Amino acid sequence: SAVISQKPSRDICQRGTSLTIQCQVDSQVTMMFWYRQQPGQSLTLIATANQGSEATYESGFVIDKFPISRPNLTFSTLTVSNMSPEDSSIYLCSVGTVSAYEQYFGPGTRLTVT
Amino acid sequence: KQEVTQIPAALSVPEGENLVLNCSFTDSAIYNLQWFRQDPGKGLTSLLLIQSSQREQTSGRLNASLDKSSGRSTLYIAASQPGDSATYLCAVHNTDKLIFGTGTRLQVFP
Chain A
23 SAVISQKPSR DICQRGTSLT IQCQVDSQVT MMFWYRQQPG QSLTLIATAN QGSEATYESG
83 FVIDKFPISR PNLTFSTLTV SNMSPEDSSI YLCSVGTVSA YEQYFGPGTR LTVT
Chain B
344 KQEVTQIPAA LSVPEGENLV LNCSFTDSAI YNLQWFRQDP GKGLTSLLLI QSSQREQTSG
404 RLNASLDKSS GRSTLYIAAS QPGDSATYLC AVHNTDKLIF GTGTRLQVFP
């Protein structure tokens, strides 16, 4: 299984600002994903981060609000833009194995917007 | 549209009990099913992965079964311990996406 790290682990941000979350994997992976977990809820997929091309967003999520970069096969960033209190969530990145579609998750970033 | 439901939503048991957590899904056309554990405010730890062609998987005190035709999976925890207290999530793979269940919050008290 892959070892995944995320930075920052938590942050408290003011309304209207932006935060960039980093996800680093210890090996090259094809598939990387970003999820959101709102308080008391299960996980919802935001987008699939594609290396060398634009991310693929799920319904309800747009690039202007959640721009994603993936410059190589071990690193990705998610930016939460123009934040509001409704963006307070845990944001998690995950990586997937092509052969078995198994996914492994990072430790998450707990974001609080005041 | 795939929907994944977990029952019960919460469970509190004394140490030593054997437990069954349930997961149901509406579309049986899945690649596989994965069970996760999540500690409060933390990320997810993968517990077991069951391929669509498999019926069950075991890891230590954990046993997960899969019945695709009925759209059900169960996670069996033997001889529960306080350290098992966490939220347990099941997720099914449809195409390239993981669809998560609602979770079961488990508390095991001494």
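As you go down the protein sequences, you meet chains A and B in turn.
If you're matching positions, the first sequence starts at 23 in our numbering and goes up one per residue.
If you're matching positions, the second sequence starts at 344 in our numbering and goes up one per residue.
No residue lacks a Cβ here, since even glycine has one placed at the ideal position from N, Cα and C.
Computed from a predicted structure; not experimentally measured.
_In the DSSP assignment, the beta strand (DSSP E) including Lys440 (chain B) goes from what residue to what residue?_
By one-based count along the second sequence, residue 440 (chain B) stands at place 97. Its beta strand (DSSP E) spans residues 440-443.
*Can you tell me which of the three DSSP states Asp109 (chain A) falls into?*
Locating residue 109 (chain A) in the first sequence gives position 87, counting from the first residue. In this structure, Asp109 (chain A) counts as helix in the three-state DSSP scheme.
*Determine the direct distance from the alpha carbon of Glu76 (chain A) to that of Leu354 (chain B), and round the result to whole angstroms.*
On the second sequence, residue 354 (chain B) is found 11 positions in, with the first residue counted as 1. On the first sequence, residue 76 (chain A) is found 54 positions in, with the first residue counted as 1. Cα to Cα, the separation comes out at about 42 Å.
*Closest Cβ-Cβ distance between Tyr113 (chain A) and chain B: below 8 Å?*
As a working note, residue 113 (chain A) is residue 91 in the first sequence. Taking Cβ atoms only, chain B never reaches closer than 8 Å to Tyr113 (chain A), which makes this a no.
*Per DSSP, what kind of secondary structure is Gly128 (chain A) in: helix, strand or coil?*
As a working note, residue 128 (chain A) is residue 106 in the first sequence. DSSP places Gly128 (chain A) in coil when its eight states are reduced to three.
*Please state if the CB of Ser110 (chain A) and the CB of Tyr57 (chain A) are separated by a distance shorter than 8 Å.*
Looking up residue 57 (chain A) in the first sequence gives position 35. Looking up residue 110 (chain A) in the first sequence gives position 88. Tyr57 (chain A) places its beta carbon 8 Å or farther from that of Ser110 (chain A).
*Going along chain A in order, which residues have a C-beta closer than 7 Å to the C-beta of Thr445 (chain B)?*
Looking up residue 445 (chain B) in the second sequence gives position 102. Ser64, listed in chain order.
_Enclosing beta strand (DSSP E) for Phe55 (chain A) [first to last residue]_ = As a working mapping, residue 55 (chain A) is identified with position 33 in the first sequence. Taken as a continuous stretch (DSSP letters only), the beta strand (DSSP E) holding Phe55 (chain A) covers 53-59.
*Which first and last residues belong to the beta strand (DSSP E) in which Phe368 (chain B) is found?*
Residue mapping note: residue 368 (chain B) aligns to position 25 of the second sequence, counting from 1. Note, Phe368 (chain B): beta strand (DSSP E), 362-368.
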